[in-house]
Amino acid sequence: MNNQDLVKWTDLDTKAGTLMVRRALQRQTWRHGCDDPHACGSKAHKRKPCPKDCTRHARACPQRKGGGLVITEVKTRAGRRVLNVPRQLLDALVTHDEAQDEERYL
Numbered sequence: 122m123n124n125q126d127l128v129k130w131t132d133l134d135t136k137a138g139t140l141m142v143r144r145a146l147q148r149q150t151w152r153h154g155c156d157d158p159h160a161c162g163s164k165a166h167k168r169k170p171c172p173k174d175c176t177r178h179a180r181a182c183p184q185r186k187g188g189g190l191v192i193t194e195v196k197t198r199a200g201r202r203v204l205n206v207p208r209q210l211l212d213a214l215v216t217h218d219e220a221q222d223e224e225r226y227l
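Taking the numbering used here, the leading residue of the sequence shown gets 122, the next gets one more, and so forth.
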């Protein structure tokens, strides 16, 4: 997964008790990173040889790229939404944020 956060502290409004949803977790298809996808994928066929035009099996490619779980911005206005955070959870999040701040400066 890339180095972004799905939910960030800036998404939390502690005064209003809300959380803004701006990003989504998406599973993307892997792509081959090798020179010969056909030869690379031939190991994946157990019962019969890989057809000559087969370029699938990118998930098994040792040099695969561009796939897996990726954090993306939501596409629509409906996807960007505000959720109410229960008071007990909000209090726990504020306490956790304060503890993180203390640890940062030790």
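Even glycine gets a Cβ: it sits at the ideal position worked out from N, Cα and C.
Nearest CA to the CA of Val191: which residue from Leu146, Glu223, Thr131, Val142? Here residue 191 refers to the residue found at position 70 when the sequence shown is read from its first residue. Per the C-alpha coordinates, the member of Leu146, Glu223, Thr131, Val142 positioned closest to Val191 is Leu146.
What three-state label does DSSP hand Val128 in the structure shown? Start at 1 with the first residue of the sequence shown, and residue 128 comes out as number 7. DSSP places Val128 in coil when its eight states are reduced to three.
Using CA atoms only, rank isn't needed, just tell me which of Gln184, Thr139, His178 is closest to Cys155. The residue given as residue 155 occupies position 34 in the sequence shown. Nearest of Gln184, Thr139, His178 to Cys155, Cα basis: Gln184.
Give the secondary structure of Asp157 by DSSP, where H, G and I count as helix, E and B as strand, and everything else as coil. As a position in the sequence shown, residue 157 is number 36, starting the count at 1. Here Asp157 carries a coil assignment [DSSP, helix/strand/coil].
When you compare only the Cα positions, how much space is there between Val128 and Arg144? Working through the sequence shown from its first residue, we reach residue 128 at position 7. Working through the sequence shown from its first residue, we reach residue 144 at position 23. Val128 and Arg144: Cα-Cα distance of roughly 7 angstroms.
Rounded to whole angstroms, what is the Cα-Cα separation between Gly188 and Arg201? If you number the sequence shown from 1, residue 188 lands on position 67. If you number the sequence shown from 1, residue 201 lands on position 80. Their Cα atoms are separated by approximately 24 angstroms.
Does the beta-carbon of His178 have 16 or more other beta-carbons within 10 angstroms, so that it is buried, or is it exposed? One-based indexing of the sequence shown puts residue 178 at position 57. Result: buried.
With DSSP collapsed to three states, give me the class of Val203. Within the sequence shown, numbered from 1, the residue matching residue 203 stands at position 82. Note: Val203 maps to strand in three-state DSSP.
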